[in-house]
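Take a look at the structure set out below.
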Amino acid sequence: MNPTRILLVDDHALVRAGIRALITMIDGFEVVGEAGNGAEALALIETVNPDLVLLDITMPSMNGLTALNEIKTRFPNVRVIILTMHEAREYAIQALRGGAAGFSPKRAASNELQQAIETVMAGKTYVSPELAHDGVSAEQAAAYDQELLNKLTPRQREILILIAEGKSMKEIGRSLNISVKTVESHRAQLTERLGIHDVAGLVRFAIRLGLVRVE
Amino acid sequence: MFRTPASQLSSDEAFSRQSSSLVYNRGHGRPDMSRSLKQTNSGMNSASFSDAPVDLIARAGDDEKLREYERVVEELEEMIVVVDRDYRYLLANRAYLESHKVKYEEVVGRFVWEVLDREYFDQVVKPNIDRAFAGQSVKYETDYRYSTQGWRRLLVLYSPIEHDGRIERVACVLRDITERKRANEALRLAEQKYRDIFENAGEGIFQSTREGQFIAANPALARMCGYDSPEGLITNCTDIQRQLYADPRVREEYLRAMETHGTVRGFEAEMFRSDGQKRLVSVNARAVRDESGRTLYYEGTALDITERKNAEAALRESEERYRELFENSKDAIYMHDLSGRYVSANRAAEELTGYQRAEILGKHYSNFISPRYLREARENFCRKIDLPIETIYEAEVVCKNGTRKPVEVSSRMIYKEGQVIGVQGTVRDISERKRAEDVLKTYSRRLLEAQEVERQKIARELHDEIGQVLTAVRLNLQSIKISANGNAESRIDESMSIVDQALRQVRELSLELRPSLLDELGLVAALRWYSARYSLRSGIETSVTCESEINRIPHEVSTACFRIAQEALTNSARHSKATKANVSVERRNGELRLTIQDNGVGFDAGLFLNGMGSSALGLRGMQERALAVGGHILINSDVGKGAEVKVIVPLKKI
């Protein structure tokens, strides 16, 4: 079996070295690259083609959560575990909503890292036990999304789905028999309610909630 | 009407003379009168007149003269009768018959008591007429009630008529003096009235000679000059010019005016009172002249106007003082009428606006107030009409050169005899104050900003640098532990727990200073995180609700909102005894609205905002933060009703 190819993304070289040292000791794992911020990470993914990215949140220029969105948009098959100093559940939920497969505080990494990687590579979601105990789970993140979705009017939801399906404003207007202006106004309102302002984000949101199917 | 040629004599005297001449004449002409009476009352029986008349006439020898005499008696207004010793009428003239409404024959030959009332005869007529028979001329007044005219006042004169040395008859002349009595009484009352006025007048009234002596003076004048009585004044003050006039030359002026115009009005002169006190007196007088134009005396009135003059001077002085205050006030002072046009303005108003007073007066206030404050100015105007209060508001004055100055206007209605006649107000230039406020606001905002920046920097430093270093150490320790021999393991574990502890402390400290969530996850996530922590620590069950995701709001706004929520919740934990709290965030109409509520004991919002306690400072701090991002805070709380702090921040302006 091929070893799991791992990309380390952290702005602290010392931390990267520590994690690399840990991973190296584990059979079946291989660190294929290191990046100091989100932008570098995106560039490296393309060249080193990792299976998994260990992603820090607080980083200069492009932070981890933004990078996560980018990664999940451009490389939907690359799995991401957030490895961070932050231990607040809000970070974990945000990370899971953003498409991370795992969330582990750095403090616990030395104990949990192997299990986290293995769980994620097995196609499941890993949440550090402390946070899991605090109620953080993939289901919870989904419930959060669902809650957001419930705030949309039926018409806004309809339009969200059409946007996620890649339809243009004009096409949406035609299919719903309303003017482009009206479509735009609905779109503005729904993005405001969801707090998601880019098409990719809206698409991912729709996919996560099963509103559209990935071909 | 009874007439006498000597009009200067009193009518009583004339009456007596007439009567005596009658008595005298009667000696000669009595008998013929009866005959002529008989003639006028034709068909009358003359039997009762049986004695001497014919002889008398014969003796007089002048028939014509007697007849004339008869006519006179007949025509007299006086009632005339002749009575004999038996009290029988021998003769009665027309006036007597008419007043008793009887005919000649009903009188002549009858006893007096048959015509008059018996009692009256006994008590009044008889005693008097008896004296006349005894030779006296009797004169008395009496009241008699006539059947036709009622009570009349009569003057009665009884004259004995001698005949051959004996008095056989008495001539009675009765004159009705009722009207004259009445007129006399009226005259007496009128005189009394004028006397009263003269005596009791507040003004001094006088008659004086040109030479300077008083002819008459009333008590008021005496008092004015310091004397007890008019007599005292008249006796003691014999030289008006020297004794009364403070400056004798003024008297000369007075005399000249009198000679030239014959009158003076409001002539003011300083006079000495008897005690030497100087008084200012105002005199109105005229010269009374005889037919040839020679001045007889002066008469007039005098009024002590010392007090009035003093009061006038005091009033003038106080007016001057107020004018000075008005003029020298640093604040502009104005007055406008009910139509809003200025009727007065002071120098400060000129300086404030740059307009001359002449340019201000008569103009409407809307010419001087910046248009966006006009509505408020008008509302304040109307408010004053409804309620008699002073209104204070801020506005902007438009100066002549076009600049605008912030001012504070305080104004109130002015009344004249209970009627509103206008508005008076003061206008204070508050440019300096405004500048100072702005500077203070800027400082306050900068201070808050600097504090946040500093906190963020330290928080990051702790969290990202020290925290990461500690993390690296921990990772290394873990690696060492894996490859190390068993005997070092316990020391490594110990070291790792030390590192863990340090990490926790660093993280806590960092979050206390500034939660990284605010920067990385946004306001709502930070509020959720904070309220969860807050619930645990305070025991107040706190939730966060939001209508929609709130992101993409300016950094300063989310910081301000987060800090305000933090402060409000801290206040709740300290004072409210609440069991539940809620933080809600919504974005609506371009505004961010953050509301923090609790179900605690509440507080008097006004008291806290104005007070100086630490809690008040907490609320002040919130206000400052809201103001710094262009927003404002509404505090809605009352004792026992929980508390609600609402922050409203416009989003587009920032």
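Residue numbers (our numbering), protein chains in the order written: chain A, 41 to 255; chain B, 739 to 1392.
Cβ atoms here follow ideal geometry from the backbone N, Cα and C, with glycine treated the same way.
On a predicted model such as this, the values are computed, not experimentally measured, just so you know.
- In this chain, B/His1313 is not harboured by any beta strand (DSSP E), its DSSP state being neither H nor E.
- Taking CB atoms only, B/Ala1263 has a neighbour in chain A less than 8 Å away.
- Counting only Cβ-Cβ distances below 8 Å, A/Gly68 has no contacts in chain B at all, with the closest Cβ about 16 Å away.
- At least 8 Å separates the beta-carbon of B/Gln930 from that of B/Gly950.
- Counting along the chain, the unbroken alpha helix (DSSP H) around B/Thr1209 starts and ends at 1205-1221.
- Interface with chain A (8 Å Cβ-Cβ cutoff): B/Asn1289 is included.
- By the Cβ criterion, the stretch 899-906 of chain B is not in contact with the stretch 916-924 of chain B, since fewer than three pairs of Cβ atoms, one from each stretch, lie closer than 8 Å.
- Only residues of its own chain outside the window of five on either side were considered, and among them Tyr983, Ala984, Asp985, Val988, Lys1016, Arg1017, Leu1018, Val1019 have a CB closer than 8 Å to the CB of B/Glu1008, listed in chain order.
- B/Ser1217 belongs to the set of residues whose beta carbon lies under 8 Å from a beta carbon in chain A.
- With respect to A/Ser168, A/Ser144 sits close: the two C-beta atoms are nearer than 8 Å.
- A straight-line Cα-Cα distance of about 24 Å links B/Val911 and B/Glu802.
- Counting only Cβ-Cβ distances below 7 Å, B/Ser1254 has contacts in chain A at Thr98, His126, in chain order.
- From the beta-carbon of A/Arg195, no residue of chain B is found nearer than 8 Å; the closest lies around 16 Å away.
- Listed along chain B is no residue with a C-beta nearer than 8 Å to that of A/Asn109; the closest approach is about 13 Å.
- By the C-beta criterion, the stretch 189-207 of chain A is judged not to be in contact with the stretch 160-178 of chain A, since fewer than 3 inter-stretch pairs fall below 8 Å.
- About 7 Å separates the Cβ atoms of B/Pro957 and B/Ser967, confirming a contact at the 8 Å cut-off.
- In this chain, the alpha helix (DSSP H) harbouring B/Cys1120 covers 1109-1124.
- If you compare the alpha carbons of A/Val118, A/Gly104, A/Arg129 with that of A/Ile46, the shortest gap goes to A/Val118.
- Going by beta carbons, B/Ala1115 and B/Ile1098 fall outside the 8 Å limit.
- In the three-state reduction of the DSSP assignment, A/Gly142 falls in the strand class, which pools E and B.
- Under the three-state reduction of DSSP output, B/His1201 falls in the helix class.
- Where A/Leu171 is concerned, there is no enclosing beta strand (DSSP E), although the alpha helix (DSSP H) around it starts and stops at 169-173.
- Residue pairing of A/Ala204 in beta bridges, as defined by DSSP: absent, with no partner found.
- Against chain A, the beta carbon of B/Gly1224 has no neighbour under 9 Å; the closest one sits roughly 17 Å away.
- In this structure, the straight-line span from the alpha carbon of A/Pro43 to that of A/Met65 is close to 13 Å.
- For A/Ala61, the chain B residues whose Cβ falls inside 8 Å of its Cβ are Leu1213, Asn1214, Ser1217, in order along the chain.
- Within the same chain, and ignoring the five residues on either side of A/Glu80 in sequence, the residues whose Cβ sits closer than 8 Å to its Cβ are Val49.
- The beta carbons of B/Ser1314 and B/Ala1381 sit closer together than 8 Å.
- When the five nearest sequence neighbours on each side are left out, the beta carbons in the same chain lying within less than 8 Å of the beta carbon of A/Tyr184 are those of Ile133, Arg137, in order along the chain.
- Linking B/Ala1087 to B/Tyr1093 through their CA atoms gives a straight-line distance of about 8 Å.
- A/Gly104 places its beta carbon 8 Å or farther from that of A/Leu94.
- Contact check between the stretch 1291-1300 of chain B and the stretch 1257-1267 of chain B: three or more CB pairs, one atom from each, fall below 8 Å, which counts as touching.
- Neighbours of A/Lys146 in chain B, taken as residues at a C-beta separation under 7 Å, are given in chain order as Thr1209.
- Proximity to B/Glu1065 across B/Glu1089, B/Ser1012, B/Pro865 peaks at B/Glu1089, based on C-alpha coordinates.
- Looking at the DSSP output, B/Trp889 sits in a beta bridge with B/Arg883.
- Across the structure, B/His838 and B/Gly888 are spaced so that their CA atoms are roughly 11 Å apart.
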